[in-house]
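**Student:** Would you mind keeping the following structure in view while I ask a few things?
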Amino acid sequence: GKTTVCIDTIINQKEFYDAGQPVFCVYVAVGQKASTVAGIAKTLEDKGAMAYTVIVAANASDPAPMQVYAPFAGAAIGEYFRDTGRPALIVYDDLSKQAVAYREVSLLLRRPPGREAYPGDVFYLHSRLLERAAKVINDDAIAKNMNDLPESLKPVVKGGGSLTALPIIET
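The sequence shown begins at 4 in the numbering used here and counts up by one.
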């Protein structure tokens with residue numbers, strides 16, 4: 004289904020890698036069985052895609068806060084590639100499981116529940132995450148002056164990088 008399409012998308016980036024213009028991929032697995040993630044990693048390894056792919060996994064057996072924050076860790080990795088002038092692709096698989104984990108954490112923190120016991124800011128959680136996918140202006144001097152850029156990263160910043168997000172959500 005949806006996961007297969009995203010894995011095929013990562014595998015198909017190999018032609019760019021082989022041509023010396025890699026699209027760095029980040030696969031974020033949230034709330035999946037460890038065996039499923041291991042199978043995906045094996046598929047990527049067999050196809051030669053692990054040379055340009057990072058896997059961030061918060062399995063179903065991991066604590067809810069880890070499942071909430073794993074997509075943000077993956078986004079930070081993708082942003083590094085973007086901010087250093089390289090194209091990157093991030094796959095969030097799947098954000099509905101992140102929302103369930105966020106609901107669990109919010110209820111434990113006694114935040115007021117909304118519809119189906121999800122907190123009112125669950126959509127803000129996802130929009131904050133997805134808005135981190137962007138293309139950086141091609142001018143290095145302007146790119147170095149981005150607001151949220153740490154000083155330690157400024158020497159390696161290059162313009163023209165991009166981060167494309169492929170979010171998966173249950174329908």
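Positions of the beta carbon are idealized from the N, C-alpha and C atoms, including for glycine.
1) Please state whether DSSP places Ile172 in a helix, a strand or coil.
2) Do you know how far the Cα of Leu111 is from the Cα of Asp96?
3) For Phe27, which of Ser165, Lys147, Leu156 has the nearest alpha-carbon?
4) For Tyr121, name the three-state secondary structure that DSSP assigns.
5) Are the region 46-62 and the region 111-127 touching, with three or more C-beta to C-beta distances below 8 Å?
6) Output the boundary residues of the beta strand (DSSP E) element that contains Asp151.
7) With DSSP as the reference, label Pro158 as helix, strand or coil.
**Tutor:** Judging by the given coordinates:
1) coil
2) 24 Å
3) Ser165
4) coil
5) no
6) Neither: Asp151 is in no beta strand (DSSP E) and is coded neither H nor E.
7) helix
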